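S.K.: Before I ask anything, here is the structure I am working with.
Number of protein chains: 2
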Amino acid sequence: MPVGTLATVKALDPEDLVQMGASMILGNAYHLHLRPGDEVVREMGGLHRFMRWDGPILTDSGGFQVFSLAQLRTIDEQGVEFQSHIDGSRRFFTPEIVMQIERNLGADVIMQFDHVIPGQSDESSARDASDRSIRWLVRCLAEIRRLEASQPLEDPREEMPADNPRNHQALFPIVQGGIHAHLRQEAATRIRDLHDWAGFGIGGLSVGEEKDAMYQMLEIVDDALPKTHPRYLMGVGFPEDLVEGIRRGVDLFDCVAPTRMGRNGAVFTRDGRLNIKRTEYRTDPRPLDPECDCSACRRFTRAYIRHLFVADEILGLRLLSLHNVHFLLSLARAARQSIRNGDLDSWSRDWLARYRSASPLPV
Amino acid sequence: MPVGTLATVKALDPEDLVQMGASMILGNAYHLHLRPGDEVVREMGGLHRFMRWDGPILTDSGGFQVFSLAQLRTIDEQGVEFQSHIDGSRRFFTPEIVMQIERNLGADVIMQFDHVIPGQSDESSARDASDRSIRWLVRCLAEIRRLEASQPLEDPREEMPADNPRNHQALFPIVQGGIHAHLRQEAATRIRDLHDWAGFGIGGLSVGEEKDAMYQMLEIVDDALPKTHPRYLMGVGFPEDLVEGIRRGVDLFDCVAPTRMGRNGAVFTRDGRLNIKRTEYRTDPRPLDPECDCSACRRFTRAYIRHLFVADEILGLRLLSLHNVHFLLSLARAARQSIRNGDLDSWSRDWLARYRSASPLPV
Chain A
1 MPVGTLATVK ALDPEDLVQM GASMILGNAY HLHLRPGDEV VREMGGLHRF MRWDGPILTD
61 SGGFQVFSLA QLRTIDEQGV EFQSHIDGSR RFFTPEIVMQ IERNLGADVI MQFDHVIPGQ
121 SDESSARDAS DRSIRWLVRC LAEIRRLEAS QPLEDPREEM PADNPRNHQA LFPIVQGGIH
181 AHLRQEAATR IRDLHDWAGF GIGGLSVGEE KDAMYQMLEI VDDALPKTHP RYLMGVGFPE
241 DLVEGIRRGV DLFDCVAPTR MGRNGAVFTR DGRLNIKRTE YRTDPRPLDP ECDCSACRRF
301 TRAYIRHLFV ADEILGLRLL SLHNVHFLLS LARAARQSIR NGDLDSWSRD WLARYRSASP
361 LPV
Chain B
1 MPVGTLATVK ALDPEDLVQM GASMILGNAY HLHLRPGDEV VREMGGLHRF MRWDGPILTD
61 SGGFQVFSLA QLRTIDEQGV EFQSHIDGSR RFFTPEIVMQ IERNLGADVI MQFDHVIPGQ
121 SDESSARDAS DRSIRWLVRC LAEIRRLEAS QPLEDPREEM PADNPRNHQA LFPIVQGGIH
181 AHLRQEAATR IRDLHDWAGF GIGGLSVGEE KDAMYQMLEI VDDALPKTHP RYLMGVGFPE
241 DLVEGIRRGV DLFDCVAPTR MGRNGAVFTR DGRLNIKRTE YRTDPRPLDP ECDCSACRRF
301 TRAYIRHLFV ADEILGLRLL SLHNVHFLLS LARAARQSIR NGDLDSWSRD WLARYRSASP
361 LPV
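As given, the protein sequences belong to chains A and B, one line each in that order. For the first sequence, this note's numbering gives the first residue as 1, with consecutive numbering after it. For the second sequence, this note's numbering gives the first residue as 1, with consecutive numbering after it.
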């Protein structure tokens with residue numbers, strides 16, 4: 001899922017996303033609550049209409065942002081009091097309030113409000129946060145059911161079927177537990193048995209822990225969750241993380257990397273990353289990635305895009321964001337095809353070997 | 001002509017320009033000489049291929065930039081020595097060197113190197129600069145003819161006809177003379193009689209003088225130049241300047257206003273300008289201009305675009321640039337149609353009355 005934190009995938013137009021075959025995109029409850037305000041989005045017909053995205057949208061609950069961006073937090077069983085990172089204003093998030101925000105936004109999939117802790121927290125902190133997140137999950141579920149009955153959503157596609165399937169928002173739980181195997185195992189099992197969820201989030205990974213620890217946690221969760229349901233690895237990832245995640249049963253990803261790194265000049269290619277600002281690309285007539293068919297690679301040379309970056313031109317930000325997002329979407333499509341072909345294992349080994357064999361380029 | 005100073009119309013994709021019906025665009029010899037270097041552009045196949053613009057391109061000579069942006073100028077009959085505004089490096093522009101730069105860029109229309117003076121210069125300075133510009137024009141013409149014989153241009157469309165019509169670059173002279181009627185009259189007449197030019201630039205206007213003075217100069221030049229040849233009013237304009245210029249025989253314009261103002265939140269509408277950042281647009285469901293059919297107005301509300309600006313999102317810069325450029329292109333198309341219909345006078349009076357009648361909005 002390309003990340004549209006503030007109701008726009010940074011530097012891209014929704015039409016770019018359609019052209020590159022994006023289906024589901026992500027928005028963020030914390031950021032949209034602060035700007036423009038979830039009430040404004042609701043008044044404008046919901047997030048789909050506001051940002052003109054007809055496909056499915058998932059909103060993150062803001063748990064991660066409250067614990068990473070906001071300041072002066074006070075946490076108790078009821079919820080979290082914090083200061084906005086924009087204007088310092090005092091805010092209070094509870095599972096109920098976050099569900100109200102996500103209801104106002106009106107996404108198709110909404111994430112529970114969870115208690116997020118630093119990546120290398122000790123077992124006691126990780127257990128407390130995981131247990132609290134499960135208690136908050138129960139409150140989220142009750143609140144969203146109440147809202148579905150009391151605050152109907154309009155169908156954003158402007159063709160309202162009698163049963164209005166869009167009124168239902170799929171609440172995803174988030175499996176926490178840090179890098180503690182038995183906590184992950186326990187959280188996944190308890191959450192699985194709590195309700196017939198449409199899908200599952202896996203949170204608190206790729207936040208500074210060793211890669212091997214992340215892979216181990218994914219394997220535990222993979223075993224514990226039903227194979228029939230989508231699993232969403234939150235905040236991941238880079239191309240190699242995508243492939244490693246898919247090998248371990250993950251279906252959905254989101255990450256700011258393709259757009260954020262693109263705005264800094266980093267380019268994903270089949271042979272690893274390159275930085276377009278380097279002098280060696282000054283007159284390079286090749287596309288960013290010779291095997292890519294995105295609209296940047298079909299049209300422009302590395303020399304031109306390097307020039308745009310050196311001259312601080314906005315088109316450069318757009319072209320690299322476009323290429324990097326397209327790269328991840330194509331990668332996910334290739335992985336899906338290899339699953340259908342029954343050769344995920346060999347395909348992914350080959351892909352990773354080539355991507356990692358390139359001499360590491362400074363980015 | 002949308003302005004693509006550094007080989008990109010700021011915040012837009014070449015495809016956006018095609019979609020809104022732009023035909024000719026502008027590049028700048030001074031800026032492209034400094035970044036990425038005209039030799040780099042030449043090595044990459046010329047400006048058309050470099051920036052992927054298949055339509056006609058006009059390059060400005062850099063006269064205006066040398067006299068406005070660069071520092072520590074020394075001017076004599078030979079040329080101008082100055083310091084780059086990017087890195088302070090010492091540069092020397094002569095009519096011959098500027099023609100070599102414009103040859104390397106390979107635009108369809110190239111402007112002569114001229115001596116530009118402040119808008120309200122006295123008659124003596126204005127005469128000196130105008131006379132020198134005409135002497136430099138003669139040197140430009142000799143040099144571009146020499147280059148056409150010695151440095152053939154490749155056809156950027158990659159289909160090289162036997163006679164390669166793209167090898168010829170149309171050199172436009174620039175009529176100077178400040179706001180001194182007889183100097184304008186004299187410059188236009190002398191230049192007209194010097195050579196069979198493909199078209200004429202009108203320089204040194206819209207640089208701080210009264211609007212009425214500009215209109216008077218345009219009328220003098222209009223009378224002196226052949227009706228059959230296009231006249232290009234350099235660095236102009238705003239919507240109202242476009243209409244006033246067309247009323248006085250101008251055919252071509254360029255101005256950074258639509259993109260630069262767009263990046264600051266200013267929006268051209270049939271009823272004058274508005275600034276999208278104002279609080280009053282927070283939940284405004286209307287498009288930027290209800291009568292506009294650009295791709296921003298067909299899709300997005302003022303509320304959404306205001307949000308993009310408040311949140312510093314790049315898509316906002318793109319959408320307003322797109323709308324404002326489309327606005328000027330549509331305006332020029334409407335003017336052309338009114339000329340064909342024989343009602344330019346009444347059409348332009350009505351248009352200006354409506355545009356100016358709106359209560360002036362702070363921008």
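Here a beta-carbon is modelled for each residue, glycine too, at the ideal position from N, C-alpha and C. Keep in mind that this is a model prediction, so the values were computed, not measured.
Looking at the unbroken beta strand (DSSP E) that takes in arginine 90 (chain A), where does it start and where does it end?
M.R.: Position 90 of the first sequence, counted from the start, is the residue given in the question as residue 90 (chain A). From DSSP, the beta strand (DSSP E) with arginine 90 (chain A) extends over 90 to 93.
S.K.: Under 9 Å, Cβ to Cβ, is there at least one residue of chain B near valine 310 (chain A)?
M.R.: Walking along the first sequence from the start, residue 310 (chain A) turns up at place 310. So yes, valine 310 (chain A) belongs to the interface.
S.K.: Quick one: using the 10 Å Cβ neighbour count with 16 as the cut-off for buried, is histidine 367 (chain B) buried or exposed?
M.R.: No answer is possible for residue 367 (chain B): the residues shown for chain B start at 1 and end at 363.
S.K.: Could you check what DSSP says for aspartate 114 (chain B) in three-state terms: helix, strand or coil?
M.R.: As a working mapping, residue 114 (chain B) is identified with position 114 in the second sequence. Looking at aspartate 114 (chain B) - three-state DSSP - the assignment turns out to be coil, as it is neither helix nor strand.
S.K.: With 9 Å as the threshold, decide whether the Cβ of proline 362 (chain A) is near any Cβ in chain B.
M.R.: Counting from one through the first sequence, the residue named residue 362 (chain A) turns up at place 362. With a pLDDT of 46 at proline 362 (chain A), under the threshold of 50, the predicted position of this residue should be treated as unreliable, though the coordinate-derived value follows. No, because no Cβ of chain B sits closer than 9 Å to the Cβ of proline 362 (chain A).
S.K.: Rounded to the nearest angstrom, how far is the Cβ of tyrosine 281 (chain A) from that of alanine 311 (chain A), given a contact under 8 Å?
M.R.: Numbered from its first residue, the first sequence carries residue 281 (chain A) at position 281. Numbered from its first residue, the first sequence carries residue 311 (chain A) at position 311. Not quite, the Cβ-Cβ distance comes to about 14 Å (not below 8 Å), so this is no contact.
S.K.: Consult DSSP for asparagine 275 (chain B) and reduce its assignment to one of helix, strand or coil.
M.R.: One-based indexing of the second sequence puts residue 275 (chain B) at position 275. Asparagine 275 (chain B) falls in the strand class under three-state DSSP.
S.K.: What's the C-alpha gap between arginine 49 (chain B) and glutamate 240 (chain A)?
M.R.: Counting from 1 along the second sequence, the entry for residue 49 (chain B) is found at position 49. Counting from 1 along the first sequence, the entry for residue 240 (chain A) is found at position 240. Going by the C-alpha atoms only, they are around 34 Å apart.
S.K.: Which runs of the beta strand (DSSP E) spanning at least 3 residues fall entirely within the segment 203 to 238 of chain B, listed in chain order?
M.R.: Listed in chain order, the complete beta strand (DSSP E) runs (minimum 3 residues) inside the segment 203 to 238 of chain B are 231 to 233.
S.K.: Figure out for me which residue from A:Asp212, A:Leu242, A:Val267 and A:Gly204 has the closest Cα to the Cα of serine 348 (chain A).
M.R.: As a working note, residue 348 (chain A) is residue 348 in the first sequence. Nearest option by C-alpha distance: A:Leu242.
S.K.: Sort B:Pro226, B:Gly272, B:Gly177 and B:Leu308 by Cα distance to arginine 263 (chain B) and report the nearest one.
M.R.: Here residue 263 (chain B) refers to the residue found at position 263 when the second sequence is read from its first residue. Nearest option by C-alpha distance: B:Leu308.
S.K.: Using the C-alpha atoms, what's the distance from methionine 1 (chain A) back to methionine 24 (chain A)?
M.R.: Working through the first sequence from its first residue, we reach residue 24 (chain A) at position 24. Working through the first sequence from its first residue, we reach residue 1 (chain A) at position 1. In a straight line, the C-alpha of methionine 24 (chain A) is about 6 Å away from that of methionine 1 (chain A).
S.K.: Mind pulling the chain A residues with CB within less than 7 Å of alanine 129 (chain B)?
M.R.: Counting from 1 along the second sequence, the entry for residue 129 (chain B) is found at position 129. What alanine 129 (chain B) touches in chain A: nothing, since even the nearest Cβ is about 30 Å away.
S.K.: Start and end of the beta strand (DSSP E) containing phenylalanine 300 (chain B)?
M.R.: The residue labelled residue 300 (chain B) in the question sits at position 300 within the second sequence. Phenylalanine 300 (chain B) -> no beta strand (DSSP E), and no H or E assigned at all.
S.K.: Per DSSP, what kind of secondary structure is glutamate 393 (chain A) in: helix, strand or coil?
M.R.: Within the shown structure, residues of chain A are numbered from 1 to 363, placing residue 393 (chain A) beyond reach of any answer.
S.K.: On the premise that isoleucine 57 (chain A) lies in contact with glycine 21 (chain A), defined as a C-beta separation below 8 Å, what is that separation, rounded to the nearest angstrom?
M.R.: Within the first sequence, the letter at position 21 stands for residue 21 (chain A). Within the first sequence, the letter at position 57 stands for residue 57 (chain A). Wrong, their Cβ atoms sit about 16 Å apart, outside the cutoff.
S.K.: Here's a check: name, in chain order, each residue in its chain whose Cβ is nearer than 7 Å to the Cβ of glutamine 151 (chain B), leaving out the five neighbours to either side.
M.R.: Your numbering for residue 151 (chain B) matches position 151 in the second sequence. The residues are Arg103.
S.K.: Relative to chain A, which residues along the segment 57 to 69 of chain B have a C-beta separation below 9 Å, given in chain order?
M.R.: So nothing in the stretch comes that close.
S.K.: Rounding to the nearest angstrom, what Cα-Cα distance links tryptophan 136 (chain A) and leucine 12 (chain B) in this structure?
M.R.: Here residue 136 (chain A) is taken as the residue at index 136 of the first sequence, counted from 1. Here residue 12 (chain B) is taken as the residue at index 12 of the second sequence, counted from 1. Distance between the alpha carbons of tryptophan 136 (chain A) and leucine 12 (chain B) is about 45 Å.
S.K.: Jot down the residue ranges of each uninterrupted alpha helix (DSSP H) in the segment 56 to 97 of chain B, minimum 4 residues, whole runs only, in chain order.
M.R.: With a minimum length of 4 residues, the continuous alpha helix (DSSP H) runs that stay inside the segment 56 to 97 of chain B are 63 to 68.
S.K.: Excluding the five sequence neighbours on either side, which residues of its own chain have a C-beta within less than 6 Å of the C-beta of threonine 5 (chain B), listed in chain order?
M.R.: Here residue 5 (chain B) is taken as the residue at index 5 of the second sequence, counted from 1. Cβ within range, chain order: Asn28 and His31.
S.K.: Measure the Cβ-Cβ separation of aspartate 284 (chain B) and histidine 323 (chain B) and say whether it is below 9 Å.
M.R.: In the second sequence, counting from the first residue as 1, residue 284 (chain B) sits at position 284. In the second sequence, counting from the first residue as 1, residue 323 (chain B) sits at position 323. No, the pair does not count as a contact, with Cβ atoms beyond the cut-off.
S.K.: Based on DSSP bridge pairs, tell me the residues matched to phenylalanine 172 (chain B).
M.R.: Counted from its first residue, the second sequence places residue 172 (chain B) at position 172. Its beta-bridge partners are B:Met111.
S.K.: Rounded to a whole number of angstroms, what is the C-alpha to C-alpha distance between threonine 279 (chain A) and proline 36 (chain B)?
M.R.: If you number the first sequence from 1, residue 279 (chain A) lands on position 279. If you number the second sequence from 1, residue 36 (chain B) lands on position 36. Answer to the nearest angstrom: the Cα atoms are 11 Å apart.
S.K.: Taking the straight line between their C-alpha atoms, what separation do you get for aspartate 345 (chain A) and arginine 248 (chain A)?
M.R.: The sequence position of residue 345 (chain A) within the first sequence is 345, counting from 1. The sequence position of residue 248 (chain A) within the first sequence is 248, counting from 1. Going by the C-alpha atoms only, they are around 11 Å apart.
S.K.: Which class does alanine 7 (chain A) belong to by DSSP, given the choice of helix, strand or coil?
M.R.: The sequence position of residue 7 (chain A) within the first sequence is 7, counting from 1. Three-state result, alanine 7 (chain A): coil.
S.K.: Does the beta-carbon distance from isoleucine 101 (chain B) to glycine 63 (chain B) come in below 9 Å?
M.R.: Reading the second sequence from its first residue, position 101 is the one you call residue 101 (chain B). Reading the second sequence from its first residue, position 63 is the one you call residue 63 (chain B). No; because the gap between Cβ atoms is not below 9 Å, this pair is not in contact.
S.K.: Check whether the Cβ atoms of isoleucine 117 (chain B) and glycine 201 (chain B) lie closer than 9 Å to each other.
M.R.: Stepping through the second sequence from its first residue, residue 117 (chain B) is reached at position 117. Stepping through the second sequence from its first residue, residue 201 (chain B) is reached at position 201. No, these two residues do not count as a Cβ contact at 9 Å.
S.K.: So what's valine 267 (chain A) in DSSP terms, helix, strand or just coil?
M.R.: Taking the first residue of the first sequence as 1, we reach residue 267 (chain A) at position 267. The answer is strand: DSSP assigns valine 267 (chain A) an E or B state.
S.K.: Is it right to say aspartate 89 (chain A) is buried, meaning 16 or more other beta carbons lie within 10 angstroms of its own, or is it exposed?
M.R.: As a first step, residue 89 (chain A) must be located in the first sequence, where it is residue number 89. According to the sequence shown, residue 89 (chain A) is serine rather than aspartate. With fewer than 16 other Cβ atoms within 10 Å, it is exposed.
S.K.: For leucine 205 (chain A) and leucine 34 (chain A), I'd like the C-alpha separation in whole angstroms.
M.R.: For the purposes of this step, residue 205 (chain A) is taken as residue 205 along the first sequence, with counting starting at 1. For the purposes of this step, residue 34 (chain A) is taken as residue 34 along the first sequence, with counting starting at 1. If I take the Cα positions, the gap works out to 26 Å.
S.K.: Identify which residue in B:Pro258, B:Gln176 and B:Glu148 has its Cα closest to the Cα of glutamate 96 (chain B).
M.R.: Start at 1 with the first residue of the second sequence, and residue 96 (chain B) comes out as number 96. Comparing Cα-Cα distances from glutamate 96 (chain B) to each of B:Pro258, B:Gln176 and B:Glu148, the minimum goes to B:Glu148.
S.K.: Please go through the same chain and pick out, in chain order, the residues whose beta-carbon is closer than 6 Å to the beta-carbon of isoleucine 110 (chain B), but skip the five residues on each side of it.
M.R.: Numbered from 1 along the second sequence, position 110 holds the residue referred to as residue 110 (chain B). Cβ within range, chain order: Thr59, Glu102, Gln169 and Leu171.
S.K.: Short check: CB of cysteine 292 (chain B) to CB of serine 330 (chain B), under 9 Å?
M.R.: For the purposes of this step, residue 292 (chain B) is identified with residue 292 of the second sequence, where counting begins at 1. For the purposes of this step, residue 330 (chain B) is identified with residue 330 of the second sequence, where counting begins at 1. Their beta carbons are under 9 Å apart, which means cysteine 292 (chain B) touches serine 330 (chain B) by this criterion.
S.K.: Put glycine 316 (chain B) into one of helix, strand or coil per three-state DSSP.
M.R.: For the purposes of this step, residue 316 (chain B) is taken as residue 316 along the second sequence, with counting starting at 1. If DSSP states are grouped into helix, strand and coil, glycine 316 (chain B) belongs with the helices.
S.K.: Quick check on the DSSP output: the beta strand (DSSP E) that includes isoleucine 25 (chain A) runs from which residue to which?
M.R.: Here residue 25 (chain A) refers to the residue found at position 25 of the first sequence. Looking at the DSSP string, the run of the beta strand (DSSP E) that includes isoleucine 25 (chain A) is 25 to 28.
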